[in-house]
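Which chain is which? The protein sequence lines are A and B, in order.
Taking my numbering, the leading residue of the first sequence gets 2, the next gets one more, and so forth.
Taking my numbering, the leading residue of the second sequence gets 968, the next gets one more, and so forth.
Notes follow once the structure below has been shown.
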Amino acid sequence: MPENLRVLRRKIRTTESIWQITRAMSMVSAVQLRRVQQGVEQRRAFFAKLSEILARISASDSSVLHPYLRPVEVEKCAGLVVAAGDRGLCGGYNSSLFRAVDQFLKTKTCRFEIIPVGAKAVAQARRSGWNVTDTYASLRDIEDTEKAAQISAQIRRHFDDGSLDSLYVAYTRFISTSRHVPVIEQILPVEPDETKQDADLEYIFEPDAEQLINTVVPMAVDAELRYYLLQALASEHAARMIAMTTSSDNAEEMRDDLTKQLNRARQQRITSEVLEVITGAEALRQT
Amino acid sequence: MNTELRVEITTQSGVQYQGAATGVVVPAALGYLGIRPGHAPLISSLVTGIVTLHQEEGDAYAAITGGIIEVFDDCVTILADIAEMAAEIDVARTREAMRRAKERLQAAYEGPSVSYADLDIDRARLALARAVNRLHTANKAGLLG
């Protein structure tokens, strides 16, 4: 019996420290989520407007002017940016993205070059033996404007030099704090918006069409990529926050259970000790 | 035909302005450009300058730097690198920024070896241009008194 009590006490202590850690992690994630989520929301309007403009340009006659707007003829080698988290302990966040990537790769017949972003994506790429072009070990860099610009410029370069025919991004779309789904989106070449197809649409470009399209199109692609990667980051924090909140709730529950068990065992021990004393006393009196 | 334009000024950090105007003047790459309702579809790059929104209740001003403008179907979309409505300009801070930029330029020109390609000089010049532009905008809006 005393053995048992000691074991129970140790278990309670362990669950308590687990609870402390997971609760702290969920609180940290909540703060980070709020910051990143704000960034996502601020960029939403900019990104939406820019992609609207881009869709109209790509549907107009001017689309011949930029390689990003020309449809792929033969897709021989495609690039896939896989944006996963930097760390674990975030529930199924990383694994469900990787599952989506595996499924996507099965449906495609062309060669794929993978560009993992985030430490977990890099690790997964090594494990699965993907063809890796570049690796970016930190998804958090995307919050920094300069680093984000560098990353997307480097990624675009593979398309520019012709080593990739198209470019996709696999990321976890942030819908709300409790809803984030892995999706795969094509970013290059830009798919023309068929619904906005308008033969009469002729933009006036100033200073001149070529120069302007050369500024606008890469700018839009960068904004799109950054917007997606930021969502991936927001989803990571949200997933971690949920996972850690659940586990700290569980730890709390377990601690309560264990405390109850401990109390019951202690009472049982006292009862049996009292019984022993009484029976002993009874036996003495009878003699 | 519409008699009004729908105007939106957006930057990477959110929508700065959204509203109607009877006319807009923007600092395009080739000089200030006026837009009225019924304008043909247009895309242009923008430089540092003042955006003027003609409205029935008077003109509104915004200081912007860089970016592009799209005109389509009486919608004017300004996607700027930096944009501030005149009312949001912090005049004291802008003056301070201007003073610092001037100091940096002064120091650079009086220094022992002047390299005009120096990145810092470029940055100071741009900062000065932005500060001057902000002050001009605030002045137009009658905020400088």
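Just so you know, even glycine gets a beta-carbon here, dropped at the ideal spot from N, CA and C.
Given the structure is predicted, the values throughout are model-derived calculations rather than measurements.
Close to residue 1035 of chain B, with beta-carbon spacing below 9 angstroms, are these residues of chain A in chain order: 51, 54, 213, 216, 217 and 220. For residue 140 of chain A, the closest of A:38, A:45, A:152 and A:126 by C-alpha to C-alpha distance is A:152. Around residue 141 of chain A, no beta-carbon contact reaches into chain B at under 9 angstroms, the shortest distance being about 18 angstroms. A distance below 8 angstroms separates the beta carbons of residue 47 of chain A and residue 224 of chain A. Cβ neighbours of residue 267 of chain A within its own chain (closer than 7 angstroms, five residues either side excluded): 6.
Taking C-beta atoms under 8 angstroms as the contact rule, residue 110 of chain A and residue 256 of chain A fail to qualify, at a distance of about 53 angstroms. Separation of residue 142 of chain A and residue 1005 of chain B (C-alpha to C-alpha, rounded to the nearest whole angstrom) is 44 angstroms. With contact defined as three or more Cβ pairs closer than 8 angstroms, the stretch 1012 to 1024 of chain B and the stretch 269 to 281 of chain A are not in contact. With respect to residue 1020 of chain B, residue 988 of chain B sits close: the two C-beta atoms are nearer than 8 angstroms.
In the structure shown, residue 108 of chain A adopts helical secondary structure according to DSSP, grouped into three states. Per the DSSP secondary-structure output, residue 116 of chain A pairs in a beta bridge with A:82. One finds nothing in chain B with a Cβ atom closer than 8 angstroms to the Cβ of residue 88 of chain A; even the nearest lies about 27 angstroms away.
At least one CB of chain A lies nearer than 8 angstroms to the CB of residue 1008 of chain B.
With respect to chain A, the C-beta atom of residue 978 of chain B has a partner C-beta closer than 8 angstroms.
Between residue 1096 of chain B and residue 1087 of chain B, the beta carbon gap of about 15 angstroms keeps them out of contact (Cβ cut-off 8 angstroms). Boundaries cannot be given for residue 137 of chain A, as no alpha helix (DSSP H) includes it and DSSP labels it neither H nor E. Taking a beta-carbon distance threshold of 8 angstroms, residue 1014 of chain B does not count as an interface residue toward chain A.
No Cβ of chain B is located within less than 8 angstroms of the beta carbon of residue 147 of chain A. Contact annotation for residue 1025 of chain B against chain A: no contact, minimum CB-CB distance about 26 angstroms [criterion: below 9 angstroms]. Contact between the stretch 250 to 264 of chain A and the stretch 160 to 179 of chain A is not established, with fewer than three Cβ pairs separated by less than 8 angstroms.
Collapsing the DSSP output to three states places residue 1092 of chain B in a helix. Across the structure, residue 227 of chain A and residue 149 of chain A are spaced so that their CA atoms are roughly 7 angstroms apart. Taking a cut-off of 8 angstroms for Cβ pairs, the stretch 20 to 39 of chain A and the stretch 241 to 256 of chain A touch, as three or more such pairs fall below it. Proximity of residue 981 of chain B to chain A, defined by a Cβ-Cβ separation below 8 angstroms, is satisfied. Residue range 210 to 287 is occupied by the alpha helix (DSSP H) that includes residue 247 of chain A. CA-CA distance, residue 1018 of chain B to residue 1064 of chain B, rounds to 21 angstroms.
Residue 976 of chain B is a Cβ neighbour of residue 1045 of chain B, given a cutoff of 8 angstroms. Using a Cβ distance threshold of 8 angstroms, residue 190 of chain A and residue 167 of chain A count as a contacting pair.
With contacts defined by Cβ atoms closer than 8 angstroms, residue 55 of chain A and residue 184 of chain A do not form a contacting pair.
Residue pairing for residue 183 of chain A: DSSP places it in a beta bridge opposite A:173.
Here the C-alpha atom of residue 124 of chain A lies approximately 47 angstroms from the C-alpha atom of residue 207 of chain A.
For the pair of segments examined, the stretch 233 to 249 of chain A was found to touch the stretch 31 to 51 of chain A: the number of CB pairs separated by less than 8 angstroms reaches three. Listed in chain order, the positions of the stretch 35 to 48 of chain A with a beta carbon within less than 7 angstroms of a beta carbon of chain B are 43, 44, 46 and 47.
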